[in-house]
Structures are given as C-alpha cells and as structure tokens.
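Residue numbers (my numbering): 234 to 509. C-beta atoms are modelled at their ideal positions from N, C-alpha and C, and glycine is treated no differently.
What follows is the structure in structure tokens.
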C-alpha cells in the first residue's frame, strides 16, 4: 500500500503539466469601412493661352505674351497675402491656398505702379485641390485714386470654375471690365486682389500670375465687347414766360401804326366878296 503512494503522487504531478483546455474565440464583427474618396487624375483644360515651362512665359498659340509683371511663387509667396485662410508653398512650385471663411481674398503686394495702358491682360494659372460649394473668380484692383469696390472689378473672359485637380488659366480683359470703364488703361495699378471661391472649404495652388500686353479680343477668340449705351441727348429747354402776379396790371399793348396814307389837306373855300 505504501509503495502505491509514490506512484499516485507522480501521476498527480504529471497531470498538472497538461495545458489548459482552449476556449473557442469568435471572429470579430466586421465594422463598416469609411467611404473611399474618389481620386481624380490631374488634368489641364485646353485653352488658347498656355504656359511654356521651358521659357517661363505665357503663349497665345505659338506667340509669347510680353509680361509687364509676373509672379511664379518659386519657393516664396512673392508678397501675396490671403485674408480668410492660410497659405503655404506647394511641393514643386506654387502658392497653396486653403480658404477657411466665406469670401476669402488673395492680395498682391501694394505700390506695384503697373502701367495699365501697357498691360491690360491679367492671367492667373491655378489648380483646384479641394472642392467648394461656390466659385467666384472676381479680380479687383486699386489705384492712387480709389480702393477696392464693386465699381472696379472684372470677371474672367476665359477659364473659370475649375474641377478638383484641374489646372487652367483665368484671363481677365481689363480693357472691358465689369466695372470701371477705361480706368485700368488710364491709371497706374497699385494692387490686385483675387477672390477664388465665395465659400469656405476650397483649396488651390496658384502656379503663376502675370500682367501682360493685350493682343485684343479677336486674337483671343472672344466676341466683340458690347458697346456702352449712348447717353440720352438733352432736349433744348423751352423759354418759360414769367408769371404775372394777380396784383400786377397787364400793360396794354400799343396799337400798331396804320399803314394807310394820310389824306391830302382840303383846299380852303374862297367865298365871294360881299357886294357894297
């Protein structure tokens, strides 16, 4: 009996070395995945004006457009400031804009002193990076005699409302703006302002901005600008007779002289002398 005890003890200890029974783990419940954002391939809109990266100039067909002033944002903001958002530098070149408030405004440096008669075509090459509900595209400008207002601005006559990842050129014909008449072409331009979107959320990369010589609407493939309405001709004022007061007596008109000939004087009658 005593000899069996060590054997039982050995068997009991051996049983302690066995692994614990495994519990079956259930597969995790699948969670709904986040919607995958549609990737839009980069594209460039076909336009009469293009950017020549080799020569660093804008071209109309094969003809280069002579620049009066140009900004390329190559590693710098070139003095442009965004009100209503934040700016940064793009990876290769360009100024990145992120609009955070309604009606954001990108302003150039001041005191540009651009001769509007020499450069009346403004070109903005940009790429949209994020969508926004409302596109604007207005270009305002200031001179020594006026600031920013609805009386002096333009809309692009070429390009507009870019899609996400689309690169295009906005062209502003400042000889026929929406407001201002010939003010641009007869002034020194102090500053320009670009309004991309009219709502927050959008993002852009501004590639280049240039003020160039204007080849004319026909060369740009545009319709002739509508003629301004002619000013109405003022009719000559009629002479107004003075109104006489009630107490004032009317002056009687003088009778007109008669044109009748005066009758010849009658001869004096001679009576016969009395008889004595």
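For residue 307, the number of other beta carbons within 10 angstroms of its own is below 16, and it is reported as exposed. Excluding its 5 nearest sequence neighbours in each direction, residue 401 has C-beta neighbours in its own chain below 6 Å: 278, 392 and 395, listed in chain order. Between residue 332 and residue 360, the CB-CB gap reaches or exceeds 8 Å. By the criterion of at least three beta-carbon pairs nearer than 8 Å, the stretch 370 to 385 is not in contact with the stretch 444 to 452. Assignment of beta-bridge partners to residue 426 by DSSP yields 340 and 373. Residue pairing by DSSP leaves residue 351 without any beta bridge partner. By the neighbour-count definition (other C-beta atoms within 10 Å, threshold 16), residue 420 is a buried residue. Scanning its chain for C-beta atoms nearer than 7 Å, with the 5 sequence neighbours on each side dropped, one finds around residue 409 the residues 458, in chain order. Between residue 336 and residue 415, the CB-CB gap reaches or exceeds 8 Å.
Within the stretch 356 to 412, the runs of beta strand (DSSP E) at least 3 residues long that lie entirely inside it are, in chain order, 368 to 375 and 399 to 406. Closest by C-alpha distance to residue 426, out of 417, 374 and 309, is 374. Separation of the CB atoms of residue 281 and residue 290 is rounded to 15 Å, and the pair is thereby denied contact status at 8 Å. Bounds of any beta strand (DSSP E) do not take in residue 317, whose DSSP letter is neither H nor E. Secondary structure at residue 334: coil, using DSSP grouped into helix, strand and coil. In terms of Cβ geometry, residue 309 and residue 340 do not form a close pair [threshold 8 Å]. The beta strand (DSSP E) runs lying completely inside the stretch 425 to 459 and spanning 3 residues or more are 436 to 445, given in chain order.
Residue 456 has its alpha-carbon roughly 28 Å from the corresponding atom of residue 424. Under the 10 Å beta carbon count, residue 389 is surrounded by 16 or more other beta carbons and is classified as buried. The C-alpha of residue 438 lies about 14 Å from the C-alpha of residue 365. Residue 422 and residue 343 have their alpha carbons spaced roughly 9 Å apart. Using a Cβ distance threshold of 8 Å, residue 444 and residue 352 count as a contacting pair.
If you ignore the 5 residues before and after residue 418, its C-beta comes within less than 8 Å of the C-beta of 349, 350, 353, 407 and 408, all in its own chain and listed in chain order.
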